[in-house]
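Protein chains: 2
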Amino acid sequence: MTKKVLLVGVGGVGAIAALGLEWRKQSEVTAVVRSDFDKAIKEGYHIKSVDYGEIKNFKPSHIVKSVKEAVNYGPFEFIVVCTKNTPDIVLIEEVIQDAVTDETAIVLLQNGIGIERPIIKRFPGTIVLSAVSIIGSSNHNCEINHDYIDKVSVGYFDNNVTSKEEQERVAKEFVELYSTENNDITFDPNVKYTRWKKLVYNGTLNPICALTGVDVARLEMFGGTNALVRQAMYEILSVARADGVELDKDICEIMIRSDDPLWYSPSMLIDMRKGNYTEVQVLCGNVVKIAEENGVPIPILKVIYDLHLVIQKSKMEKNGLIELPKERFIPDKEHPPL
Amino acid sequence: MTKKVLLVGVGGVGAIAALGLEWRKQSEVTAVVRSDFDKAIKEGYHIKSVDYGEIKNFKPSHIVKSVKEAVNYGPFEFIVVCTKNTPDIVLIEEVIQDAVTDETAIVLLQNGIGIERPIIKRFPGTIVLSAVSIIGSSNHNCEINHDYIDKVSVGYFDNNVTSKEEQERVAKEFVELYSTENNDITFDPNVKYTRWKKLVYNGTLNPICALTGVDVARLEMFGGTNALVRQAMYEILSVARADGVELDKDICEIMIRSDDPLWYSPSMLIDMRKGNYTEVQVLCGNVVKIAEENGVPIPILKVIYDLHLVIQKSKMEKNGLIELPKERFIPDKEHPPL
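For the record, the sequence lines run as chains A and B.
Be aware that the first sequence starts at 1, since it is given in this note's numbering, and climbs by one per residue.
Be aware that the second sequence starts at 1001, since it is given in this note's numbering, and climbs by one per residue.
Here's what the structure looks like:
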């Protein structure tokens, strides 16, 4: 019997996930598509994939504009969230709430640390899976360029309600559903470790490249990696340790060298160049939060975060999410910062 | 007898200084003009000044393209340097060296801390004056808009060769030469104090606005002033103290409020918006240097500086001052950061 899967956010990652899930005809994917909807419903996606070759006119089983509309094709056993993770702009738990039933497991196929907290809080007892993706894939107007293997670690964020066995069973079920002969989807017994490990890169090189406007190669050659990144990585290690995850210091050099010999532009840098919001909350803000909860000093990461926070708010202003007063005011208790 | 003055750099500050110096016919100003030369020599400057009213076709006594050419109108008793202060891009001591004689005093009418060091080192025994300007004035293609009084504190950077009395006498001579009934030029007995005080603003609000892309009002309303600026100012106070200057903590709030109620964009922010080099070395780099010499921890200022340093080098690359290797390399002893 096919499983019903709701997939929210068809970017580079989401498109390949939709394809992988439909590949063995074991899932029926309903995809929520926003900006590309008209083209996607008419022509589908044009995929050039290192895993699957060229596929023209790929369409998931159903393409809809909203989660509300998607509910007609439910109930869903899995809701796979592949959107950019910007909880300061959009709350995932609100986006998906209409589609969550007692039978649903939520899969966060997204970047960041601590991203499960608001989901588990909003849907207590629901199984929430962590999916950490290593993939090179982009979507420009339904043209999917996928040039690095779809490699995903899947585990569960313990919801402290369901038994560990059951959470593990569901995680493995999702691995089975998503696995094809072409991709590399594995069960991850230690979600926390995997997420912190990825954050050694994504919480340092990524936001620092974004602030300075240069790729990782230039950052290193211009002295920024020595001056800032390595120390910032050590700060991540300290926070991870306080959060119960021991990462070997060698991981820092591995991450710094991980893009060699590419002049690689990390995601936040690309977002900055496009004037888009960045994933600052899940890559930086949540680290600051966990550090503060545990009393871990993070002098570099804190400054990086505070700078990005101002930039993010400035974008909110440009997009009309923040309205400025006519006259400059002094933030105080009655007028807190915007 | 008129004094011969060489003025290097006719921006908003330099144009009003040239006007002030020529005002009472006691100085003969030779101005070195680069980008505006053709227009300046033909039409002069169109000045709209809060101090002097509207003046059309203002020309200093001589307008030349280079210091080499200026030497024909010397020897100069004063060389007034009004250029943007970017020692990582241009060395002032090299620019002016052909015009410095035994009779010359050099006036640094420029921003920053520690800016006298390379000048005194290069011209030992030469009197070097400090001129700190509070002015609102801009130059766009020989159109000078001057909207806040020309207020300058003039003192001397002790060169440890000439007697203090003689250095003070020369500083006061310059004050006399520059003073008109319209401006406010005063002798400053404590140059170091004045420069550190101005740096409480210019070493914090200025580079932080530049990194976040917002004016001082938005920075405050978006939380950046509380999160970063105030603490960064305290760091400046610590470095100043180690450098022998005691600044009252109240100065921080005074600086934070000094632009009220304007939505003011500081100079480094304007430079960033224009894609220009910033004065990062004299506003941030020299603070880091003095802090390190004295073992003063400056966690925030260090990060701000390191980020700006990468940005500055990225601009050098764009302008062809730094040539990147074809292949990404790993900085080491043989291949230091660029």
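For every residue, glycine included, the Cβ atom is placed at its ideal position computed from N, Cα and C.
The structure displayed is predicted, hence computed values, not measured ones.
**Residue range of the alpha helix (DSSP H) that includes B:F1174** = Counting from 1 along the second sequence, the entry for residue 1174 of chain B is found at position 174. Counting along the chain, the unbroken alpha helix (DSSP H) around B:F1174 starts and ends at 1164-1178.
**Test item: CB-CB of B:S1130 and B:E1116 under 8 Å** = Taking the second sequence and counting its residues from 1, the one referred to as residue 1130 of chain B is at position 130. Taking the second sequence and counting its residues from 1, the one referred to as residue 1116 of chain B is at position 116. Yes, the Cβ-Cβ distance between B:S1130 and B:E1116 is below 8 Å.
**Prompt:** Between B:W1023 and chain A, is there a C-beta pair that is closer than 8 Å?
**Reply:** If you number the second sequence from 1, residue 1023 of chain B lands on position 23. Chain A, which has no Cβ nearer than 8 Å to the Cβ of B:W1023, makes this no.
**Prompt:** Are the stretch 328-336 of chain A and the stretch 257-277 of chain A touching, with three or more C-beta to C-beta distances below 8 Å?
**Reply:** With a cut-off of 8 Å, the stretch 257-277 of chain A and the stretch 328-336 of chain A do not count as touching, because too few Cβ pairs lie within range.
**Prompt:** Between which two residues does the alpha helix (DSSP H) harbouring B:D989 extend?
**Reply:** Residue 989 of chain B falls outside the range modelled here, since chain B spans only 1001 to 1338, and no answer is possible.
**Prompt:** Is it right to say B:Y984 is buried, meaning 16 or more other beta carbons lie within 10 angstroms of its own, or is it exposed?
**Reply:** Any property of residue 984 of chain B remains undetermined from this structure, which presents chain B solely from 1001 to 1338.
**Item:** Closer than 7 Å at the beta carbon, the chain B residues around A:I16
**Value:** As a working note, residue 16 of chain A is residue 16 in the first sequence. Here the premise fails: no neighbours, minimum Cβ distance about 28 Å.
**Request:** To the nearest angstrom, report how far apart B:N1286 and B:G1114 are at their CA atoms.
**Result:** As a first step, residue 1286 of chain B must be located in the second sequence, where it is residue number 286. As a first step, residue 1114 of chain B must be located in the second sequence, where it is residue number 114. Spanning the alpha carbons of B:N1286 and B:G1114 requires a straight line of approximately 6 Å.
**Message:** Alpha carbons only, please: which of B:K1065, B:N1057, B:K1025 is nearest the one belonging to B:V1341?
**Reply:** Chain B is shown from 1001 up to 1338; residue 1341 of chain B falls before or after that span and cannot be answered.
**Item:** Minimum Cβ-Cβ distance from A:W263 to chain B less than 8 Å
**Value:** Counting from 1 along the first sequence, the entry for residue 263 of chain A is found at position 263. Look at A:W263: its C-beta is under 8 Å from a C-beta on chain B.
**Message:** Please classify B:E1022 as buried or exposed, where buried requires at least 16 other C-beta atoms within 10 Å of its C-beta.
**Reply:** Working through the second sequence from its first residue, we reach residue 1022 of chain B at position 22. It counts as buried.
**Message:** Counting only C-beta atoms, is A:P331 closer than 8 Å to chain B at any point?
**Reply:** On the first sequence, residue 331 of chain A is found 331 positions in, with the first residue counted as 1. At least one chain B Cβ lies under 8 Å of A:P331.
**Request:** Evaluate B:H1335 with the Cβ neighbour count: other Cβ atoms within 10 Å of its Cβ, from every protein chain shown; 16 or more gives buried, anything less gives exposed.
**Result:** Reading the second sequence from its first residue, position 335 is the one you call residue 1335 of chain B. Label assigned to B:H1335: exposed.
**Request:** On the DSSP bridge assignment, give the partners of A:H140 in chain order.
**Result:** Here residue 140 of chain A is taken as the residue at index 140 of the first sequence, counted from 1. Bridge partners of A:H140: A:E143.
**Message:** Can you tell me where the alpha helix (DSSP H) holding B:I1185 begins and where it ends?
**Reply:** Along the second sequence, one-based indexing puts residue 1185 of chain B at 185. Run containing B:I1185: none in the alpha helix (DSSP H); it sits in the beta strand (DSSP E), 1184-1187.
**Request:** Kindly indicate which three-state DSSP category A:I106 falls into: helix, strand or coil?
**Result:** Working through the first sequence from its first residue, we reach residue 106 of chain A at position 106. If DSSP states are grouped into helix, strand and coil, A:I106 belongs with the strands.
**Asked** Since B:L1007 and B:P1075 are thought to touch, with beta carbons under 8 Å apart, how far apart are those beta carbons, to the nearest angstrom?
**Response** Taking the first residue of the second sequence as 1, we reach residue 1007 of chain B at position 7. Taking the first residue of the second sequence as 1, we reach residue 1075 of chain B at position 75. Contact flag wrong, Cβ pair sits at about 15 Å.
**Prompt:** Given B:E1028, which residues of its chain have a CB within under 6 Å of its CB, disregarding the five upstream and five downstream residues?
**Reply:** Taking the second sequence and counting its residues from 1, one reaches residue 1028 of chain B at position 28. Excluding its 5 nearest sequence neighbours in each direction, B:E1028 has C-beta neighbours in its own chain below 6 Å: T1002, K1004, S1061, listed in chain order.
**Prompt:** Taking a cut of 7 Å between CB atoms, which residues from the stretch 1218-1240 of chain B lie near chain A?
**Reply:** For the stretch 1218-1240 of chain B, which is checked against every Cβ of chain A, the residues closer than 7 Å are R1218, L1219, E1220, M1221, F1222, G1223, G1224, N1226, A1227, L1228.
**Prompt:** Taking the alpha carbon of A:K249 as the point to measure from, which residue in A:D259, A:R230, A:E69 has its own alpha carbon closest?
**Reply:** For the purposes of this step, residue 249 of chain A is taken as the residue at position 249 of the first sequence. Of all alpha-carbon atoms in A:D259, A:R230, A:E69, the one lying nearest the alpha-carbon of A:K249 is that of A:R230.
**Message:** Under 8 Å, Cβ to Cβ, is there at least one residue of chain A near B:E1293?
**Reply:** Locating residue 1293 of chain B in the second sequence gives position 293, where the first residue counts as 1. No - not a single Cβ of chain A is within 8 Å of the one on B:E1293.
**Request:** Starting from the beta carbon of A:G213, find every residue of chain B whose beta carbon is closer than 7 Å, and list them in chain order.
**Result:** Here residue 213 of chain A refers to the residue found at position 213 when the first sequence is read from its first residue. Chain B residues near A:G213: I1311, S1314.
**Asked** For A:E327, which residues in chain B fall below 8 Å Cβ to Cβ?
**Response** Counting from one through the first sequence, the residue named residue 327 of chain A turns up at place 327. Neighbours of A:E327 in chain B, taken as residues whose beta carbon is under 8 Å from its own, are P1261 in chain order.
**Request:** Answer yes or no: does any C-beta atom of chain A fall closer than 8 Å to that of B:L1283?
**Result:** On the second sequence, position 283 is the one that residue 1283 of chain B refers to. At least 8 Å separates the CB of B:L1283 from every CB of chain A.
**Asked** What span of residues does the beta strand (DSSP E) with A:H46 cover, start to end?
**Response** Within the first sequence, residue 46 of chain A is the residue found at index 46, counting from 1. Segment 45-49, the beta strand (DSSP E) holding A:H46.
**Item:** CA nearest to the CA of A:T162, picked from A:N182, A:F123, A:D188, A:T194
**Value:** By 1-based counting over the first sequence, the position of residue 162 of chain A is 162. The shortest C-alpha separation from A:T162 is found at A:F123.
**Prompt:** Between B:V1296 and chain A, is there a C-beta pair that is closer than 8 Å?
**Reply:** The sequence position of residue 1296 of chain B within the second sequence is 296, counting from 1. No, no contact with chain A.
**Prompt:** Leaving out five residues before and five after B:P1207 in sequence, what residues of the same chain have Cβ atoms less than 8 Å from its Cβ?
**Reply:** For the purposes of this step, residue 1207 of chain B is taken as residue 207 along the second sequence, with counting starting at 1. Counting only Cβ-Cβ distances below 8 Å, and skipping sequence neighbours, we find M1268, T1278, V1280, L1283, C1284, I1304, Y1305, H1308.
**Prompt:** So what's A:G320 in DSSP terms, helix, strand or just coil?
**Reply:** As a working note, residue 320 of chain A is residue 320 in the first sequence. Shown here, A:G320 sits in coil according to DSSP, grouped into three states, outside any helix or strand.
**Message:** With H, G and I counted as helix, E and B as strand and the rest as coil, what does DSSP make of B:L1091?
**Reply:** Here residue 1091 of chain B refers to the residue found at position 91 when the second sequence is read from its first residue. Collapsing the DSSP output to three states places B:L1091 in coil.
**Prompt:** For B:A1210 versus B:M1272, is the C-beta spacing smaller than 8 Å?
**Reply:** As a working note, residue 1210 of chain B is residue 210 in the second sequence. As a working note, residue 1272 of chain B is residue 272 in the second sequence. With contacts defined by Cβ atoms closer than 8 Å, B:A1210 and B:M1272 form a contacting pair.
**Prompt:** Nearest-angstrom Cα distance between A:E103 and A:Y73?
**Reply:** Position 103 of the first sequence, counted from the start, is the residue given in the question as residue 103 of chain A. Position 73 of the first sequence, counted from the start, is the residue given in the question as residue 73 of chain A. In a straight line, the C-alpha of A:E103 is about 14 Å away from that of A:Y73.
**Request:** Return helix, strand or coil for A:K150, following the three-state DSSP convention.
**Result:** Taking the first sequence and counting its residues from 1, the one referred to as residue 150 of chain A is at position 150. This sequence places Asp at residue 150 of chain A; Lys is not what is there. DSSP places A:D150 within a strand segment (E or B) once states are collapsed to three.
**Prompt:** Can you give the Cα-Cα distance for A:G295 and A:K289, rounded to whole angstroms?
**Reply:** Your numbering for residue 295 of chain A matches position 295 in the first sequence. Your numbering for residue 289 of chain A matches position 289 in the first sequence. Between A:G295 and A:K289, the C-alpha separation is close to 10 Å.
**Prompt:** Helix or strand or just coil, what does DSSP make of A:Y156?
**Reply:** For the purposes of this step, residue 156 of chain A is taken as residue 156 along the first sequence, with counting starting at 1. It is a strand residue.
**Prompt:** In chain A, which residues lie less than 7 Å from B:P1337 when you measure between Cβ atoms?
**Reply:** Against the second sequence, residue 1337 of chain B aligns to sequence position 337. Simply M221, F222, G223, N226.
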